[in-house]
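I have placed the structure first, in the form of structure tokens, so that the comments after it can refer back to it.
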Amino acid sequence: MAALRSLSWWIGVGLGCVALYAIVVASEWSLGGRLFPWFSGFLLLAAVAGHTVLGLARGVETDIEPEATDGGPVPRAWRLKVYGWLILLVVLVPLLGHLVAVPLFVFAFMAANGERLWLSAALAAATLAFLHFVLEGIVHVDLPRGLVTAWLG
Amino acid sequence: MIDIGAAALDGFLLLFSAKALLYLMLGIFAGMFFGLVPGLSGLTGLGLLLPFAIGQPPDVAFAFLLGMFAVTTQTDTIPAVLIGVPGTAAANATYLDGFPMAKRGEAGRALSASYFANILGTLVSTVIFILFLPVLRALIDEFGAPEYFVMALLGLVMAGSLAGRSLLRGLAMAAFGLLVSTVGFAQNTGFPRFDIGGWTYLWDGLPLVPLVLGMFAVPEVIDLLLRRGTIARASMRAEGGVAAGFLDNMRHWWLLFRCSVIGTVCGMIPGLGGLVAEWLGYGHAVNSAKDKSMFGKGDVRGVIAAESATSAQKPGSVLPTVAFGIPGNAAMAVMLGVFFIVGLRPGPEMMHEKLDLTFLMVWIVVVANLIAAGLCLGLQRWMILICFIRPTVLAPLILAFMVVGASLATTHVGDVVVFAAFGAFGYLCRRADWPRVPFIIGMVLGQLAEIYLFISVERYGFAFTYTRPIVILIELLIFAALAMPLYRRFLGSPARFAREAE
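Protein chains in written order, with this note's numbering: chain A, 1 to 153; chain B, 154 to 655.
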């Protein structure tokens, strides 16, 4: 069953589950409320059912692997590191707020990945200046403060 | 025709307010950057700039976003020709002949030919746009809610069947986009839907900005990071050749015209976009040439054909977006989202009362291309240096601005959650070759389609599907759009293989 090892096939299965959930939840609503969710839910279900069955019967094309600059495969360790940095960013922002988390991320990422410290610090400072002076000062955007920042007052 | 002329003039004048011009220039510079850096694209830029356009009047928002998007296909040629790496996927065919020309010492000529082909392609497309307008205006007056609903379905089916390699995946993504558009208060009942246990953040629906950023920008930046090293190793020199490039376009004007028509048609058909336009234009140039020997080895006709087709699809994609609310490509889907945000509705209003805004969109593409061509001719030798910036410097900055941009939608922490969730989903889709364009088209079209479906059912019952002639005609087109990929798969391909084998 090559399909079971394919990310593409599993995306189809996942979308099928979403469609089923939507159809079941929408069944409790009035006709006006459920008409369109049902329409799109059944359409989605039909398409992914076809994809899933055909995938089992005929196989699914192999997934596209990212390539390094030299055209070779990306080392697994580097890949995990990149994913880790991204997760760190989306976790840091709700916790610390944009004003702290974003410049901190820019500095930490660059410094940890071999960039010179002065360059990392300069770009982090420029990011902080943009957020504080341009977005908050001039455009008057009220950036979320973050859970820890709010807790600290 | 008189009101069309007056609207065209009004639209042109709208562009020359100080604020619109300022935003246009900012958009152009941003677009030049996003076109230049291999791995980024106009869609990444559109997602990043979208939050800054929200809250602006329509003319300013359009100048900023469309100005940015229009010029990415100008600058993506520079790395394709000078370092052999296309700036965006839409410059792949240009690379085939542009890079060999550069190796022969004709980089300046190749780039100049590409800039002028872009300008002329856009102009041809604009003329076609103006010629089509009276026909569309007459047609659109015959449309009611049922016609708009099936037209939206046609757009979705075409986007689903043409955007990727698999019909089922394309349709599934389009349907998923429709489903996602139903999150939040139902427009007809005022009842909150899919709010995951009463999470009030979802009551206004999923915001477009973090969703577009997640789906389109995050996967590009992850790939940029995963590549690790700088893309550029060494650059060719691009000096002179400006006049030669222009004369090449004049010499091959008929080819340029034909490829511009191909590009315009590709722009009008949902799901095709710049990549397909470029390869169809290039393929047409090769097939129609008497002497094919130099294609792929540095034939300027390859550059002209690819670039004129790519640039012509942009004005072409404006037409179905404003007339029927069917975006020709993902960028136009995002622009359609901007329509709703700034309080505009595609359809008769954009074809009559707000025709000046419709023209404004086309003029923005034309003027942005003209300005960008001038800037590229003067600055290309320095612009190429951007390609040498290491991803470890570029990517964290882009990520930082993406996460900030995502939060500008509602400044609620939920924006970051939506950004992260759809970023992960977009990346998985990219890895697994699930097309993302039908999803975004479905999500934006869903808002319109639901209203039209509800009105149609309330007014006519389900009988609207078989009692109205235009609806039936569009339904036949939907079946044709569904059948075409199946025909290609089961009948077309063997026939083609048999021919090729002979």
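The beta-carbon is built from N, C-alpha and C at its ideal position, and this holds for glycine as well. Everything numeric in this text was worked out from a predicted model, so none of it was measured.
So which of Ile281(B), Ala244(B), Val190(B), Leu289(B) has the shortest CA-CA distance to proline 468(B)?
Stepping through the second sequence from its first residue, residue 468(B) is reached at position 315. The shortest Cα separation from proline 468(B) among Ile281(B), Ala244(B), Val190(B), Leu289(B) belongs to Ile281(B).
Relative to the alpha-carbon of phenylalanine 36(A), which residue among Gly595(B), Leu400(B), Trp352(B), Thr463(B) has its alpha-carbon at the smallest distance?
One-based indexing of the first sequence puts residue 36(A) at position 36. When only C-alpha atoms are compared, the closest one is Gly595(B).
Candidates Pro499(B), Ala577(B), Asp401(B), of which the one nearest leucine 273(B) by Cα
Within the second sequence, residue 273(B) is the residue found at index 120, counting from 1. For the residues Pro499(B), Ala577(B), Asp401(B), the minimum Cα distance to leucine 273(B) belongs to Asp401(B).
Tell me the start and end of each unbroken alpha helix (DSSP H) in the region 540 to 589 of chain B that is at least 4 residues and wholly inside, in chain order.
544 to 560, 566 to 585
Pairwise C-alpha distance: leucine 193(B) and arginine 145(A)
Counting from 1 along the first sequence, the entry for residue 145(A) is found at position 145. Counting from 1 along the second sequence, the entry for residue 193(B) is found at position 40. When rounded, the distance between both Cα atoms is 30 angstroms.
Within 8 angstroms (strictly less), CB to CB, does serine 314(B) reach chain A?
Residue numbering aside, residue 314(B) sits at position 161 when the second sequence is read from its first letter. No, serine 314(B) lies away from the interface with chain A (no Cβ there is under 8 angstroms from its Cβ).
Check the Cβ-Cβ distances between tryptophan 356(B) and every residue of chain A, and say whether any is below 8 angstroms.
By one-based count along the second sequence, residue 356(B) stands at place 203. Taking Cβ atoms only, chain A never reaches closer than 8 angstroms to tryptophan 356(B), which makes this a no.
Secondary structure, alpha helix (DSSP H): runs of 4+ residues fully inside the region 210 to 286 of chain B
211 to 228, 230 to 235, 245 to 256
Are the Cβ atoms of leucine 379(B) and valine 82(A) separated by less than 8 angstroms?
In the second sequence, counting from the first residue as 1, residue 379(B) sits at position 226. In the first sequence, counting from the first residue as 1, residue 82(A) sits at position 82. Cβ atoms of leucine 379(B) and valine 82(A): closer than 8 angstroms.
Stretch pair the region 327 to 338 of chain B + the region 544 to 553 of chain B: three plus CB contacts closer than 8 angstroms
no
Note down, in chain order, each residue of its chain lying with its Cβ closer than 7 angstroms to the Cβ of leucine 635(B), except the 5 sequence neighbours on either side.
Here residue 635(B) refers to the residue found at position 482 when the second sequence is read from its first residue. Taken in chain order, the residues that qualify are Val310, Ser314.
With a threshold of 8 angstroms between beta carbons, is alanine 22(A) in contact with chain B?
Here residue 22(A) corresponds to residue number 22 of the first sequence, with the count starting at 1. Interface residue, yes.
For the structure I just gave you, are there three or more beta carbon pairs, one from the region 92 to 102 of chain A and one from the region 528 to 539 of chain B, closer than 8 angstroms?
no
Comparing alpha-carbon positions, which option in Met368(B), Arg454(B), Arg583(B) lies nearest alanine 484(B)?
Within the second sequence, the letter at position 331 stands for residue 484(B). Of the listed residues, the one whose Cα sits closest to alanine 484(B) is Met368(B).
Going residue by residue through the region 426 to 498 of chain B, where are the continuous alpha helix (DSSP H) segments of at least 4 residues, counting only ones entirely within it?
426 to 441, 453 to 477, 483 to 494
Phenylalanine 296(B) - DSSP class collapsed to helix/strand/coil
Here residue 296(B) is taken as the residue at index 143 of the second sequence, counted from 1. The answer is coil: DSSP assigns phenylalanine 296(B) none of H, G, I, E or B.
For alanine 573(B), return the contacting residues in chain A, with the cut-off set at a CB-CB distance below 7 angstroms.
Sequence index remark: in the second sequence, residue 573(B) carries index 420 (1-based). In chain order: Val90.
Cβ pair count under 8 angstroms reaching 3, the region 227 to 236 of chain B against the region 247 to 267 of chain B
yes
Looking at leucine 530(B): is its Cβ nearer than 8 angstroms to the Cβ of valine 374(B)?
As a working note, residue 530(B) is residue 377 in the second sequence. As a working note, residue 374(B) is residue 221 in the second sequence. Not closer than 8 angstroms, so no.
Looking only at its chain, what residues have a beta carbon closer than 7 angstroms to the beta carbon of valine 148(A), apart from the 5 residues adjacent to it on each side?
Translated into the one-based positions of the first sequence, residue 148(A) becomes position 148. Same-chain partners within the cutoff: Leu95, Leu96.
Through-space distance from alanine 465(B) to alanine 159(B), alpha-carbon basis
The residue given as residue 159(B) occupies position 6 in the second sequence. The residue given as residue 465(B) occupies position 312 in the second sequence. Spanning the two alpha carbons is a distance of roughly 24 angstroms.
Assess contact between the region 193 to 204 of chain B and the region 353 to 370 of chain B, defined as three or more Cβ pairs (one per stretch) separated by less than 8 angstroms. Is contact present?
yes
Select from the region 298 to 331 of chain B all residues with a C-beta closer than 7 angstroms to any C-beta belonging to chain A, and list them in chain order.
Leu321, Arg322, Leu324, Ala325, Ala328, Phe329, Leu331
Strictly below 7 angstroms CB to CB, what residues from chain A border leucine 581(B)?
Taking the second sequence and counting its residues from 1, one reaches residue 581(B) at position 428. The answer, in chain order, is Leu7, Ile11.
As a quick exercise: from Leu331(B), Leu359(B), Gly164(B), pick the residue whose alpha carbon is nearest that of valine 571(B).
As a first step, residue 571(B) is located in the second sequence; it is residue number 418 there, counting from the start. It is Leu359(B).
Over the uninterrupted alpha helix (DSSP H) stretch that includes serine 120(A), give me the two end residues.
Counted from its first residue, the first sequence places residue 120(A) at position 120. Where serine 120(A) is concerned, the enclosing alpha helix (DSSP H) stretches over 117 to 129.
Taking the C-alpha atoms as reference points, what is the distance between leucine 119(A) and lysine 507(B)?
Reading the first sequence from its first residue, position 119 is the one you call residue 119(A). Reading the second sequence from its first residue, position 354 is the one you call residue 507(B). Each residue's alpha carbon lies about 49 angstroms from the other.
Who pairs with leucine 193(B) in a beta bridge, going by DSSP?
For this step, residue 193(B) is matched to residue 40 along the second sequence. BP columns for leucine 193(B) point to Pro191(B).
Please check if any C-beta of chain A sits within less than 8 angstroms of the C-beta of phenylalanine 182(B).
Your numbering for residue 182(B) matches position 29 in the second sequence. No, phenylalanine 182(B) lies away from the interface with chain A (no Cβ there is under 8 angstroms from its Cβ).
Hey, does glutamate 28(A) have any beta-carbon neighbour from chain B nearer than 8 angstroms?
Reading the first sequence from its first residue, position 28 is the one you call residue 28(A). No - not a single Cβ of chain B is within 8 angstroms of the one on glutamate 28(A).
Report the option in Asp212(B), Val566(B), Phe205(B) whose CA atom is closest to the CA atom of phenylalanine 169(B).
Counting from one through the second sequence, the residue named residue 169(B) turns up at place 16. Residue Asp212(B) is the option with its Cα nearest to phenylalanine 169(B).
Would you grab the beta carbon distance between leucine 7(A) and alanine 397(B) for me? Rounded to a whole angstrom, and I think it's under 8 angstroms.
Taking the first sequence and counting its residues from 1, the one referred to as residue 7(A) is at position 7. Taking the second sequence and counting its residues from 1, the one referred to as residue 397(B) is at position 244. Not confirmed; about 48 angstroms, so no contact.
Does proline 549(B) get closer than 8 angstroms to chain A when you measure Cβ to Cβ?
Residue numbering aside, residue 549(B) sits at position 396 when the second sequence is read from its first letter. With 8 angstroms as the cut-off, proline 549(B) counts as an interface residue toward chain A.
Continuous alpha helix (DSSP H) stretch holding serine 8(A): start and end
On the first sequence, residue 8(A) is found 8 positions in, with the first residue counted as 1. 7 to 26 is the span of the alpha helix (DSSP H), which, as asked, contains serine 8(A).
Under 8 angstroms, Cβ to Cβ, is there at least one residue of chain A near asparagine 341(B)?
As a working note, residue 341(B) is residue 188 in the second sequence. True, the Cβ-Cβ gap to chain A drops below 8 angstroms.
Report the residue from Val90(A), Leu44(A), Phe39(A) whose alpha carbon sits nearest the alpha carbon of tyrosine 603(B).
Your numbering for residue 603(B) matches position 450 in the second sequence. Going by the sequence as given, residue 603(B) is glutamate instead of tyrosine. Of the listed residues, the one whose Cα sits closest to glutamate 603(B) is Phe39(A).
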